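Taking it in order: structure first as structure tokens, then the write-up.
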Amino acid sequence: MGEPLSFLSSHRALRAVHTSFLLGILILLASTTGYAQREQISSTTLPRESYAAKASARAGMPPVKRLMGLRSALASEGSRISVASDQPLNDYSAYRDGERFYIVIPHATAEDLQTGVSGPGFTDARVEQRNNETVLSFRLETGGSASVTQKFNRLDIIFVAPGEAHISVANTFVQPTPGASPGLSSGGTDESSNPSSNTGTSVATDPAVAPAPGLTTPAAAADVSSITEVTKLPVGKAALLLPPEKANPLRVPRFEKPPVIDGRLDDDAWKGAAVLKDFYQVEPGDNIAPSKPTEVFIGYDTRFLYVTYHAYDERDKVRATIAKRDAIFDDDYVGLFFDTFNDKRKAYEMNFNPLGVQADGTMTEGRGEDYSVDLVMESKGVLTEDGYTIEAAIPFKSLRYEAGKNKNWGIHIFRRVKYNNNELDSWMRIERNRSGSLNQAGAITGLEDISTTRQLEINPSLTVSESGRRSRFTFNQDPSGRFINDGIKAEFGMTAKFSLTPTITLDFAYNPDFAQVEADAPVTSANQRFPIFFAEKRPFFLERIDIFNTRMNVVNTRAIVDPDIALKLTGRRGKNTFGVLYASDNAPGNYSLDERESLSNCQQRRLTNPGIICGIERFVDKNADIGIIRLKRDIGRQHNLGFFATTYNFPERHNNTAGFDGRFRLSPKIVTEFQILGTHSRRFFYDSDLDRNLYRTGNGFGYSYSFERSDRNLSINVNGVGRTRDYRADVGFTPRVDTNQHRSFVQYQTDRDAKKSIIFKRIYNESIISFDWLGRSQNFNSGTQGMLALQRQTFVGGAFILGYERVFEHEFGRRRTATRPGAFFGADPERSAYRREIYGFIETSPIKQFFGLFLLSYSDGQLDFDLGGSRKYQRASPAALISPNNPFDPGPGKQLIIQSSLRYQPTSELQISLNYNKQRLVRNDTGLTAFDDNIY
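Numbering (my numbering), first residue to last: 190 to 1125.
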């Protein structure tokens, strides 16, 4: 078959064609969209009228705007004044008369505006109320000028100081406080954006009376400690201004009387809550005005954190269903992240659809979301005439946090509007040219005097069962083949949780009952050489499972099948996170009654023939002892290093692993991760040269790495994983050993424009190459996909993939010698095939009652490994046609994949769906069907 990696040289022409194809698509895309647009700080998109405005218009009178703020800050040109409103400011006018600059805002009230602000470029700021108009005026310095920029419900007035086109913050006496919010610092680092460091600044909860960022009143200007924001931006860029409740931790008030969780906002408690509004549309828009307003109210008492949402909308457009938990993402929904340690690494995620159905889990930066975690909380949602409202009560005991005064929590609040091109609104700005989301979160504070009593939860269980079976052996006077009812069994079990502190939890399980755990979804297992990963769903193991997660899945608690006893200690102290788990698993030694009967028969025969060895005798009723240790320490504000070790011990099967991992944010756009580990095993290893299992010692090595750069339009990820031949991680999940796999992913996406018929375009290329530790190629794939996002929630895409796969007979069984055949039929000890695949898909949800998805994939050159599909579809190779007992004979074939889903929902309570997945492989050499799986 040639020298190692020889297929690469034979593929130059093929790769050249593929590269030309990719370049052609990129050129075509560039010709239709232009080069990547520069970052847009302001938008000309005008916001839609609010519901209050529409109501006033229907009543025959114009809406009254409530003006807030009038805050002053330094700008590169001189200074900037900002004034915000609860209504759009589309109808303002501005003019200069002599040495004064005027802004007139019709139908507005100025009772909440402060006066006396000053800054470079202007003096003598005045606020006047003229009938139903508010007039702002400023005396310009000699030679100075002013201009106004509207940003939906906010006006920014820029004053250019005479002779100072650009003022350097470094040359002033003003210093920024450490609590500057993400996106404000020109330095581009995340280190300065951590609100937790701003513990000495008093923050007002009402933006109308909050201290002004930057230069404020003359008294404030003389007191540097009162300044909450000073921003220095490069020349030519507009300054980003956040109001104090976003730029600094927002204080959450304490409720004397808790609200009733019924979904209605008529409780008096909400009148004293902290209010979060003025959201940004971050998808498809880029920090522009949202199509609909959203208000969020937050408060707390000693036991609960209370959150309520008022999502304004037209009732008949709201998408809401009585869905299963964690299955609400086809509805409209609101959500939040609580980063309870404010480390910008991990957060609790809680989402609610308009009826209050929950989807909760954890969000880990760099790893994504995990919805396997189910928090204990109460929520209720109600559809209203002006949209929907949701109330939620989140027990503090459901969260892990560090108690004490002056503790800040990171917070992100989102709203998804499905019908409006999948609009996503965020309380905080989300900059697309920064990697990550938790590092762009806001912060809340003031959660003090929370009840930290130690909680003890005990959940006993009693399982009564009776089972029957058909006997395979004649035993205890029962003839072979007779159906036998086993006796009734009663088993007692218990799980317990003890909260030692708000950050440390001890879990204990004795013979736990997992009978009610949700079953795994059906998957196609035909023609699969390697194991399939299934996520953990058992509640005991889900508690703080994120602590044990690593890139290489060194810990997979599904390896603990049926524990008699399990003990777990997880928590965090300061910058250190830890997890310890021990389990005694009886599954490896828990053999069936038929197997035990076979053993008993073997033992009886051994009475007359002592040389007989009864194979499972030394394993029956023995338990496997499993231990896991995980330690991780945060370094700085965006980095961490970790250590892990596992052990698995069972008769004739001993395995130990240990290693390190880490994650480092090199810049706001670049993140890198790594993991290295070693394994030591004393167990049976299959030897393909001897064609038998050898009990021996084996040492292995594994590694994993990732480098990711995410920008506004361009994303690049390079990663890899490798494991040596003797690598074993019996407590983890290992899909393949003796391999090195390296992957590159490059994606370009145009800016989103919700007004166009094509909202955005996306194209990416993914290339994967694998080879063993002798340098022999195993596979190569390179595919390019393009996608168009259209109006009315419609997505259309397609891809073309070129690939190569190579297999060796020693991966399937014995290796051939001069006197012995190998695991493959014929004279060739390996097989290979070139693969070409094309696929297309369409997904649409044009109205809230209907959803459709259709994907069609066809490939030529997909290897059939000749493993046999099922009783209906036996081996389809030429060797199997000669004799079903012949060795394996892998060969290429044509594969068809169809995935389709239709859903119709006439009401919130009724949903009709049809899902169909098909996968079929037909051999090229015999024309026979290797397998044909259909899942409905």
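Even glycine gets a Cβ: it sits at the ideal position worked out from N, Cα and C. Owing to the predicted nature of the structure, the values given are computational and were not obtained by experimental measurement.
Could you give the first and the last residue of the continuous beta strand (DSSP E) run that contains residue i?
i: Leu651; result: Leu645 to Ser654
i: Asp1121; result: Thr1118 to Ile1124
i: Arg659; result: Gly657 to Arg659
i: Val606; result: Trp598 to Val606
i: Asp1049; result: Phe1039 to Asp1053
i: Arg443; result: Run containing Arg443: none; DSSP gives neither H nor E here.
i: Ala776; result: No beta strand (DSSP E) holds Ala776; DSSP gives it neither H nor E.
i: Ile948; result: Ile947 to Phe960
i: Val316; result: Phe311 to Arg319
i: Gln339; result: Ser334 to Lys340
i: Arg517; result: It should be noted that the sequence gives Ile, not Arg, for residue 517. Careful: Ile517 lies outside any beta strand (DSSP E) and carries neither H nor E.
i: Thr928; result: Thr928 to Gln938
i: Ala512; result: Segment: none, Ala512 is in no beta strand (DSSP E) and carries neither H nor E.
i: Ser326; result: Glu322 to Leu329
i: Ile633; result: Gly631 to Thr634
i: Asp345; result: Arg343 to Val349
i: Phe530; result: No beta strand (DSSP E) contains Phe530, which DSSP labels as neither H nor E.
Can you tell me which residues form a DSSP beta bridge with residue i?
i: Phe719; result: For Phe719, which the question treats as bridged, DSSP gives no partner whatsoever.
i: Pro584; result: Phe493
i: Ala698; result: Thr684 and Ala755
i: Phe486; result: Val464 and Thr497
i: Gln1191; result: Past the boundaries of the shown model lies residue 1191; the chain is included only from 190 to 1125, so the question cannot be answered.
i: Glu472; result: Leu613
i: Phe896; result: Thr861 and Val907
i: Phe1014; result: Phe1014 pairs with nothing; no bridge assigned.
i: Ala988; result: Gln974 and Tyr1028
i: Asn1113; result: In the DSSP output, where bridge partners are listed per residue, Asn1113 has none listed.
i: Gly768; result: Thr759 and Arg819
i: Lys1107; result: Ile1087 and Asn1123
Return the first residue and the last residue of the alpha helix (DSSP H) that residue i is part of.
i: Gln793; result: Leu782 to Arg795
i: Ala1069; result: Pro1067 to Ile1071
i: Pro728; result: Pro728 to Leu731
Considering only the alpha carbon of each residue, which of the options lies closest to residue i?
i: Phe1077; options: Leu1085, Ala1068, Lys1083 and Gln1084; result: Ala1068
i: Val441; options: Pro309, Gly631, Arg285 and Leu329; result: Gly631
i: Asn628; options: Val653, Phe1013 and His601; result: His601
i: Gln982; options: Ser268, Gln1108 and Lys607; result: Lys607
i: Gln1088; options: Ala335, Gly1041 and Gly909; result: Gly1041
i: Ala724; options: Leu439, Ser714 and Asn738; result: Asn738
i: Asn648; options: Ala264, Phe681, Phe808 and Ser773; result: Phe681
i: Gln980; options: Asn610, Val464, Arg881 and Asp638; result: Asn610
i: Val809; options: Asn790, Glu784 and Gly816; result: Glu784
i: Arg1085; options: Tyr1047, Asn1074 and Asn902; result: One point to set straight first is that residue 1085 is Leu, not Arg, in the sequence displayed. The candidate whose alpha carbon is nearest that of Leu1085 is Tyr1047.
i: Ser952; options: Phe1001, Ser959, Asn902 and Leu963; result: Before going further, note that residue 952 is Ile rather than Ser in the sequence given. Of the candidates Phe1001, Ser959, Asn902 and Leu963, the one whose C-alpha sits nearest the C-alpha of Ile952 is Asn902.
i: Leu695; options: Phe703, Arg733 and Lys726; result: Arg733
i: Gly921; options: Arg1020, Asn954 and Ile818; result: Ile818
i: Val571; options: Asp614, Gly452 and Val562; result: Gly452
i: Ile292; options: Ala299, Glu300, Ala283 and Thr298; result: Ala283
i: Phe1054; options: Glu1000, Ile801, Ile1036 and Gly891; result: Glu1000
i: Ala1119; options: Ser959, Ile754, Lys1061 and Leu651; result: Lys1061
i: Pro351; options: Gln470, Glu300 and Glu266; result: Glu266
i: Leu588; options: Gly891, Ile693, Ala708 and Asp900; result: Ile693
i: Gly816; options: Ile754, Asp850 and Phe468; result: Ile754
i: Cys803; options: Leu788, Pro295 and Ala813; result: Leu788
Give a single yes or no on whether residue i has its beta carbon closer than 6 Å to a heavy atom of the ligand GDP.
i: Phe444; result: Among the components of this structure there are no ligands whatsoever, and the ligand GDP is therefore not found.
Taking 7 Å as the CB-CB limit, is residue i close to chain C?
i: Arg504; result: Absence of chain C from the displayed structure is noted, only one protein chain being present.
* To do: Taking only runs that begin and end inside the stretch 800 to 874, name each unbroken beta strand (DSSP E) of 3 or more residues, in chain order.
  => 813 to 824, 828 to 839 and 842 to 854
* Asked: What runs of the beta strand (DSSP E), each 3 residues or longer, lie entirely inside the stretch 254 to 291?
  -> 254 to 263, 267 to 274 and 282 to 286
* For the 8 Å Cβ check, are there 3 or more pairs between the stretch 993 to 1008 and the stretch 967 to 977? -> yes
* To do: Tell me, please, whether the stretch 528 to 541 touches the stretch 450 to 470 by the rule of three or more beta-carbon pairs shorter than 8 Å.
  => no
* Asked: Using 8 Å as the threshold, is the stretch 1013 to 1024 in touch with the stretch 869 to 887, meaning 3 or more CB pairs across them?
  -> no
* Counting pairs of Cβ atoms below 8 Å between the stretch 786 to 805 and the stretch 710 to 730, do you hit three or more? -> no
* **Contained alpha helix (DSSP H) runs [length at least 4] in the stretch 540 to 585, N- to C-terminal order** => none
* Is it true that the stretch 500 to 520 meets the stretch 582 to 601, where meeting means three or more beta-carbon pairs spaced less than 8 Å apart? -> no
* Touch test, the stretch 644 to 658 against the stretch 612 to 623, Cβ-Cβ under 8 Å, three pairs minimum -> no
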